[in-house]
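The opening residue of the sequence shown carries number 26 in the numbering used here; numbering runs sequentially from there. Beta carbons: idealized from backbone N, C-alpha and C, even for Gly.
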Amino acid sequence: MTAIARPKALWLGRWGFVLAATGSSVGLGNIWKFPYMTGEYGGGAFVLVYLLCIAAIGIPVMMSEIALGRRGRGSPVDAIRRVARESGRSGLWATLGWMAMLCGFMVLSFYVVVAGWSVSYLWKALSGGLAADSVEGMAAIFTANNANPWNLGFWSTLVTVATMAIVGKGVQAGIERSVRWMMPGLVIMLVIMIVYALFSGGFKAGFLFLFAFDPGKLTGAAVLAAMGHAFFTLSLASGAILTYGAYLPADQSIGRTTLTVAICDTLVALMAGLAIFPVIFANGMDPASGPGLIFMSLPLAFQQMPLGGVIEVVFFLMLAVAALTSAISMIEATVAWLNESHGVSRRRAAWGVGIVLWIVSTLAMLSFNVGADWKLAGRHFFDWLDFLTSRLMMPLGGLGMAILAGFVMHRQAIRDELGLPPWLHVLWQFVIRYVSPLAILVVFLDALGWLGAGFDWRWIAAILALALVGEAVISRRSPTPR
Ligand code: TRP
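The structure is reproduced here in C-alpha cells:
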C-alpha cells in the first residue's frame with residue numbers, strides 16, 4: 026500500500042529530526058523535575074521504575090507516535106484521522122489528537138513559569154543576585170523571586186513571547202542549530218558539576234540515594250508519578266513528538282532515532298541527578314524540598330567551586346535554552362493544526378495561541394504568590410496543570426497511541442513505517458499491544474487503590490502468556506493478517 030504522500034517541510038539532513046526531538050525531550054523535565062521528584066518519592070526505587078517505564082512504555086510509544094506522525098503527515102488531529110481512515114477505521118480516533126494538543130498546551134502553561142525561573146536565575150547569576158552562603162539563604166532568594174507577581178510574571182511572559190515568536194516563524198529555522206550547541210554545552214556543564222560533586226563530600230550519599238533500590242518506598246502513587254514522568258520527559262502523548270515525526274523524511278529509521286533520543290534524554294537526567302544530590306547531601310538539605318530543589322541547591326555549589334561564577338552563568342543559559350527548545354515543541358502541534366486545517370498563517374496562529382497561553386500561564390504563575398491560597402483539593406492551579414497532564418492525560422494518551430499503533434493501524438502500514446527486522450517487529454508489536462497498555466492500566470488502577478492489597482501479580486504474567494500464545498496461533502494461521 027502507498028503511504029499518504031503530502032508535501033511537507035522536512036527536517037534537514039540526517040540529524041535534523043534527532044536534534045529537534047532531543048531538543049524537545051531534554052529540558053526542565055530532566056534537570057528540574059526529575060531530581061525534585063526523585064527527592065520527593067524517596068530515590069532509587071523511583072529511579073528504577075522510571076527507567077523501566079522508559080524502556081517498556083516510553084520507547085515503544087515514541088516509535089508509535091513518530092510512525093503515526095510520519096504516516097499521517099500532519100498535526101496530531103489530522104495525522105491520526107488520516108491514518109485511521111487509511112486503515113478503514115473511524116475518524117473519531119482523532120479525538121486522541123485533540124487530547125494530545127490540549128495536553129501540550131496545558132504543560133506549556135506551567136512550563137513557562139519554570140522556564141521563567143531559569144531565565145531569572147540566569148539574570149541573577151549575571152548580576153550577582155545569587156550570593157548566599159547557606160541553604161536557608163538560597164531558599165530565601167527563591168521565595169523572594171516568587172513572591173512578587175510582577176517580577177515572576179515578567180520572566181514567564183518573556184519566555185512565552187520568545188516561544189511564540191520562534192514557533193510563529195516555523196520551528197525548523199533555528200531549532201537544529203540551537204540544539205547543536207546547547208546539548209554539548211549542557212553535558213559539559215553537567216560533567217564539570219559531577220566532577221566537582223566527586224570532591225564535595227556528598228557524592229556517595231547522592232549516588233546511593235539515586236541508585237540504591239529500596240522496594241519499601243514503592244507506593245502506588247510513586248509508581249504512577251514515575252510513569253507519568255517517563256511520558257513527560259520524552260514529550261509523549263502531547264502531540265510534540267508526533268508532530269515532529271510528521272516532518273521526518275521517509276528514509277530515516279524510526280527505531281534508531283527513537284533509541285538515540287531516549288538514551289540522550291535518560292543520560293542527561295541521570296547526570297543531573299549525579300550533579301545535584303551530592304550538593305544536597307553535602308549541605309544537609311532535604312531532598313524532598315519540592316519544585317525549588319535545584320534552584321536552592323545548585324547556586325550554593327557554584328559559589329564553592331573554582332570558576333563557579335562563570336559555570337553558573339553558562340549552566341543557567343543552557344538550562345534556559347533547553348527549556349525553550351522543549352517549550353517550542355509543546356505548542357507546535359496546535360500551531361501546525363491551525364495552520365494546516367484552518368489556513369491561519371503560522372504567525373497569526375502563534376500570537377493567537379500565545380495570548381490564551383499567557384492568560385493561563387499567568388494564573389499558574391500566581392500560584393506562587395497572590396494565589397497561594399487558591400487551592401482545590403489541596404492543590405493550587407500550577408499543581409493541577411502538572412497533575413492532570415502527567416498523571417492522567419499523558420498515560421491515557423499513551424494508552425491510546427499504543428492501541429492505535431498496535432491494533433487500529435493497518436499492519437502493513439505500521440510495518441512499512443517502522444521498517445524493523447522481522448524479529449524486532451514481532452517484539453515491538455507484542456510490547457505495544459500488551460506490555461505497555463497493561464502496564465499503564467495496572468499502574469493507574471493501583472494508584473487509584475482499585476487493585477487492593479490482595480492483588481495477585483501472577484494475573485499479569487498469565488494475561489501476557491495468554492497474549493503470547495494467542496499471537497503465535499494467529500500468525501501461524503494467516504501469515505499476513507491485518
Ligand atoms: N520533555 C520535556 C522536558 O523534559 C518537556 C516537554 C516537551 C513536554 N514537550 C512536551 C512535556 C510535551 C510534555 C508534553 O522538559
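Same chain only: Cβ atoms within 6 Å of residue i, ignoring 5 sequence neighbours per side
i	result
Phe-167	Gly-317, Phe-320, Met-321
Ala-150	Glu-337, Val-338, Phe-341
Phe-71	Thr-63, Ala-247, Ala-251
Glu-496	none
Gly-193	Arg-371, Arg-372, Ala-375
Glu-65	Ala-313
Val-137	Ser-181, Val-184, Thr-185, Ser-386
Ser-351	Ser-49, Gly-52
Burial state of residue i (16 or more Cβ within 10 Å)
i	result
Trp-206	exposed
Val-381	exposed
Gly-94	buried
Asn-173	exposed
Pro-446	exposed
Trp-118	buried
Val-468	buried
Asp-290	buried
Arg-39	exposed
Glu-201	buried
Leu-449	exposed
Gln-454	buried
Arg-107	buried
Ser-260	buried
Ser-145	buried
Phe-480	exposed
Arg-483	exposed
Ile-488	exposed
Val-335	exposed
Lys-400	exposed
Length of the line joining the Cα atoms of residue i and residue j
i	j	result
Leu-476	Ala-247	15 Å
Ala-294	Pro-209	14 Å
Thr-268	Pro-331	43 Å
Phe-232	Ile-499	47 Å
Val-451	His-254	27 Å
Ala-297	Arg-502	50 Å
Ile-105	Gly-270	12 Å
Asp-239	Leu-73	10 Å
Ser-461	Met-252	11 Å
Val-369	Ile-217	46 Å
Asp-333	Gly-67	At residue 333 the sequence reads Gly, which differs from the Asp that was named. Looking at the two C-alpha atoms, the distance is approximately 29 Å.
Ile-439	Thr-285	20 Å
Leu-363	Asp-103	11 Å
Leu-35	Asp-276	12 Å
Ala-486	Val-338	51 Å
Ala-490	Pro-274	37 Å
Thr-244	Leu-470	13 Å
Leu-37	Leu-223	40 Å
Gly-99	Val-360	11 Å
Met-434	Met-88	13 Å
His-405	Phe-236	32 Å
Lys-242	Glu-365	47 Å
Leu-249	Gly-113	34 Å
Ala-522	Ala-358	Here the chain comprises residues numbered 26 to 507, so residue 522 is not present and cannot be evaluated.
Element boundaries [alpha helix (DSSP H), containing residue i]
i	result
Arg-501	483-502
Met-330	Neither: Met-330 is in no alpha helix (DSSP H) and is coded neither H nor E.
Arg-114	Where Arg-114 is concerned, there is no enclosing alpha helix (DSSP H), given that its DSSP letter is neither H nor E.
Trp-475	No alpha helix (DSSP H) holds Trp-475; DSSP gives it neither H nor E.
Val-385	371-390
Ile-56	Neither: Ile-56 is in no alpha helix (DSSP H) and is coded neither H nor E.
Tyr-66	Segment: none, Tyr-66 is in no alpha helix (DSSP H) and carries neither H nor E.
Asp-441	436-443
Phe-412	406-412
Pro-316	Pro-316 -> no alpha helix (DSSP H), and no H or E assigned at all.
Phe-455	447-455
Own chain residues within Cβ distance below 7 Å of residue i, not counting five before or after
i	result
Glu-523	Residue coverage of the chain in this structure runs from 26 to 507, which leaves residue 523 outside it and unanswerable.
Ile-301	Pro-60, Ile-319, Ser-322, Leu-323
Ser-134	Leu-382, Val-385, Ser-386, Ala-389, Leu-410
Ser-115	Ala-109
Gly-226	Ala-307
Val-132	Ser-263, Met-355, Thr-414
Gly-41	Glu-201
Val-43	Thr-282, Thr-285, Val-286
Own chain partners of residue i with C-beta closer than 8 Å, once the 5 adjacent residues on each side are dropped
i	result
Gly-154	Trp-148, Ile-166
Leu-349	Ala-140, Val-184, Ala-187, Thr-188, Ile-191, Ser-203
Proximity test, Cβ basis, 9 Å: residue i and chain C
i	result
Leu-476	In summary, chain C is missing from the structure at hand, where a single protein chain is found.
If we require 4 or more residues per run, which alpha helix (DSSP H) segments fall completely within the region 220-290? Qualifying alpha helix (DSSP H) stretches, in chain order: 228-236, 245-258, 265-271.
Which ranges would you report for the alpha helix (DSSP H) in the region 166-227 if only whole runs of at least 4 residues count? You should have 174-194, 197-224.
Runs of alpha helix (DSSP H) wholly within the region 70-144 (minimum 4 residues, chain order): For secondary structure counted as the alpha helix (DSSP H) over 4 or more consecutive residues, the region 70-144 holds these complete runs in sequence order: 84-97, 101-111.
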